[in-house]
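Under UniProt numbering, think of the first position of the sequence shown as 1, with each following residue one higher.
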Amino acid sequence: MGKLHLNHMRLRDKWLLMYVLSVFIPIVLTNVVFYHVTTTNIKNQKHRDASVAIDKTGSEIQALMDEAAGVSYIFFSDPLLNETLDRDYRSSLDYIEVYQNTLRSMFDKYNESTYQSIQRIEVYSDNKTLLASGSMEYISDTVRSTPWYKELMNVPAPNPVLLRTGETLSLLQRLDNYKYYNGHEKFVKITLNMGTFQQRLRNSTFDGELYLVNREGHIVSTNVPGVDWKSGSASFASLSPREKALYYEVPYTTRSYLSGWSLHGTMNDKVVLEEVRKSWKFLIYLACLNFVIPSIIIIAMSRSIHVRLVRILRHMKKVKNQHFEEIPDEEYRDEIGQLTAEFNRMTSRIRSLIDDVYIADIQKKDSELKQRQAQLHALQSQINPHFMFNVLETVRMRSLMKGEGETAKIIQHMAKIFRKSISWGRDWVSVRDEMELIERFLEIQKYRFGDKLDYRITVEPAAGDLSIPKMTLLPFVENASIHGIETSPRKGLIVIGIAVDRGSGELVFSIRDNGVGMCAAKLNEILGYLEEDDSMGDRVGMKNAYYRLRMWFGGSFRFHIESEQDIGTFVSIRLPLETGEAALSESR
């Protein structure tokens, strides 16, 4: 299986891949990131808004408390009030006169119509000469037995204390700043207007539940319907935790009477993301818009390319089947339009060439071929190979009858060479058969040169059964004996070797002679002559063999020749080993 490559993919698949990578995935990622960023920003903004809202509500609650505490400090620091409350009156008329002239105006001044946080102001004293009426109350044993009175006594002046008194909250302040006369016990009780606190919680911009919690952890006010905060037994810790709720807290630490108090807020996470959900449809519409428009554009562009390319491919297949049809299409300026125009021009040109030139040329060559075949048959009919064999056999027998055994042997070698050269019906032969032919040729050459020529042939066993083109090595042996040994004044030696080089995967043929050799200029002339493509010249056998090797093996065979004058010549031919093995398998 080949490697995955873009050039192996069909054009439609490439467009689809480009669409997914360039459009679909970026749009999905962009919308996911946009939604995440938007959600995070809105959530953070909601958190900030909620924190600001609950801080504001907490400040408003504290302002109401401070308002009541300010009135208690006024009562605490008023010397006239303290002297009036501490005085012993001789009669009720004396007290009533003082009340009408002094106390009543003060009580009317700090009533609920002036201060929204105050529902009622009461002054308690153990002075028995004071009448318990209106805003004046006597500290009786019943009062002393209340929890809020006992807790008040544990707080030193001038600090007020915020306590639950029944179903309401009260701010109590001991009035012992001045000591007059008998030093009567006295304190002021300011009952807070819980309706005002409820209204502040309900009108808060905090979009959730608000709980005002005292230092004991009890809920003293809330904007949540159904919570029994008036009884004082509802604990904030006992509330069921809200699923996916966000919690906020504003502790009161700047006022001693509010020490341990806090304002708690809870907000559902759905409220925080409500604005994101409102804009969710808009995000979907925007994503669809970003998805559909590029998709339509890419589909239109891909169709413009794909349809016309498929049409060109279809007509190319028709050309393969010799149907030279032009593509009926308008002239477009893009590359595919130019390709279509060039295809039509090429088709027309090919059809013209086939009709005007190719068919006529084929007919002419066919006529010439038939004429040459007729001439060849005429020439072949003039020579009867069996006649030549019979003649050579007659001469050999005659030589034996006359006692010329050596001549008879040479004639036998010539007959076998002649028979083998015309009986080989295939282009490839084994190395062993080629060497047998070469050996018979060298025996004839020894008969010619006598003791002046000797030869040695070495063939590796592994190379004997390999196949090579027939009669490709013989011309080089012939060239060594005739041109190398014949004109040499000394005894000639031809050494032939055939071996298998497994390292390089080649069949190596080498021939070395000790003949006359040649100079460098002559060697270069021969090498140039072998590379020429014109006539064969004088050395037909060697050039013919070289040409056939080049035709069979192309550039995969290697030919090398070395020569030194008066020393000899060395020729090396290296053939691809796999080609010989493949030819051997086919012959079997």
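Think of the CB as a built atom: it goes at the ideal place given N, C-alpha and C, for glycine as much as any other residue.
Residue i bridges to which residues according to DSSP?
| i | result |
| --- | --- |
| Met136 | Val123 |
| Leu212 | Ser221 and Leu263 |
| His560 | Ser572 |
| Thr168 | Thr165 |
| Asp454 | Leu493 |
| Ile54 | Note: Ile54 sits in no beta bridge, so no partner. |
| Val459 | Ile498 |
| Gln62 | According to DSSP, Gln62 bridges with nothing at all. |
| Pro469 | Trp428 |
| Ser235 | His218 |
| Ile118 | Leu192 |
Is the beta carbon of residue j closer than 8 angstroms to that of residue i?
| i | j | result |
| --- | --- | --- |
| Glu506 | Arg574 | yes |
| Ile54 | Tyr257 | no |
| Asp513 | Gly484 | yes |
| Arg164 | Val220 | yes |
| Phe509 | Leu474 | no |
| Leu263 | Ile61 | yes |
| Ser72 | Val188 | yes |
| Ala50 | Ser117 | no |
| Ser488 | Val459 | no |
| Lys186 | Val123 | yes |
| Arg456 | Val495 | yes |
| Asn479 | Met542 | yes |
| Leu201 | Arg174 | no |
| residue 589 | Asn290 | Outside the shown range of the chain (1 to 588) lies residue 589, about which nothing can therefore be said. |
| Val23 | Ser304 | no |
Which stretch, first to last residue, makes up the alpha helix (DSSP H) that contains residue i?
| i | result |
| --- | --- |
| Val98 | Ser92 to Val98 |
| Ile526 | Ala520 to Glu531 |
| Leu162 | Note, Leu162: premise wrong, no alpha helix (DSSP H); beta strand (DSSP E) at Val161 to Thr165. |
| Val444 | The displayed chain sequence assigns Ile, not Val, to residue 444. Ile444 -> alpha helix (DSSP H) spans Val431 to Phe449. |
| Pro147 | Pro147 to Met153 |
| Ser105 | Arg104 to Lys109 |
| Thr143 | Rather than Thr, the amino acid found at residue 143 in this sequence is Val. Its alpha helix (DSSP H) spans residues Asp141 to Arg144. |
| Thr84 | Pro79 to Asp86 |
| Glu478 | Leu474 to Asn479 |
What is the DSSP secondary structure of residue i, counted as helix, strand or coil?
| i | result |
| --- | --- |
| Thr40 | helix |
| Tyr285 | helix |
| Arg267 | Inspection of the sequence shows that residue 267 is occupied by Met rather than by Arg. If DSSP states are grouped into helix, strand and coil, Met267 belongs with the strands. |
| Ser381 | In this predicted model, Ser381 has a pLDDT of only 41, less than 50, meaning its place in the structure is not dependable; the value taken from the coordinates is given anyway. Residue state, collapsed to three classes: helix. |
| Phe509 | strand |
| Leu376 | At Leu376, the pLDDT of 45 sits below 50, so the modelled position is not reliable; the number obtained from the coordinates is stated separately. Residue state, collapsed to three classes: helix. |
| Leu16 | helix |
| Arg502 | coil |
| Ile327 | coil |
| Asp356 | helix |
| Arg48 | helix |
| Gly555 | coil |
| Gln173 | strand |
| Glu578 | helix |
| Asn514 | coil |
| Ser488 | coil |
| Gln198 | helix |
| Ile567 | coil |
| Val310 | helix |
| Phe206 | coil |
| Pro294 | helix |
| Thr129 | coil |
For the beta strand (DSSP E) that residue i lies in, which residues bound it at each end?
| i | result |
| --- | --- |
| residue 668 | For residue 668 there is no data in the structure shown, the boundaries of the chain being 1 and 588. |
| Val250 | Ala245 to Pro251 |
Say whether chain B places a C-beta atom closer than 8 angstroms to the C-beta of residue i.
| i | result |
| --- | --- |
| Val188 | Here chain B cannot be found, since the structure has a single protein chain. |
Would the beta-carbon of residue i be found less than 7 angstroms away from any heavy atom of the ligand SAH?
| i | result |
| --- | --- |
| Ser572 | Absence of the ligand SAH from the depicted structure is noted, as is the absence of any ligand whatsoever, leaving it without description. |
Is it a yes or a no for the stretch 83-99 touching the stretch 127-135, going by three-plus beta-carbon pairs under 8 angstroms? Verdict: yes, contact present.
Between the stretch 456-470 and the stretch 429-446, do three or more beta carbon pairs fall short of 8 angstroms? Yes: at least three Cβ pairs fall under 8 angstroms.
Quick check: the stretch 104-123 against the stretch 209-216, are at least 3 beta-carbon pairs closer than 8 angstroms? With contact defined as three or more Cβ pairs closer than 8 angstroms, the stretch 209-216 and the stretch 104-123 are not in contact.
Does the stretch 41-61 come close enough to the stretch 130-148 that 3 or more CB-CB pairs lie under 8 angstroms? By the Cβ criterion, the stretch 130-148 is not in contact with the stretch 41-61, since fewer than three pairs of Cβ atoms, one from each stretch, lie closer than 8 angstroms.
Between the stretch 251-267 and the stretch 76-84, are three or more C-beta pairs nearer than 8 angstroms? By the C-beta criterion, the stretch 251-267 is judged not to be in contact with the stretch 76-84, since fewer than 3 inter-stretch pairs fall below 8 angstroms.
Give a yes or no on contact between the stretch 308-322 and the stretch 33-40, applying the rule of three or more CB pairs nearer than 8 angstroms. No, because fewer than three Cβ pairs between the stretch 308-322 and the stretch 33-40 fall closer than 8 angstroms, the two stretches do not touch.
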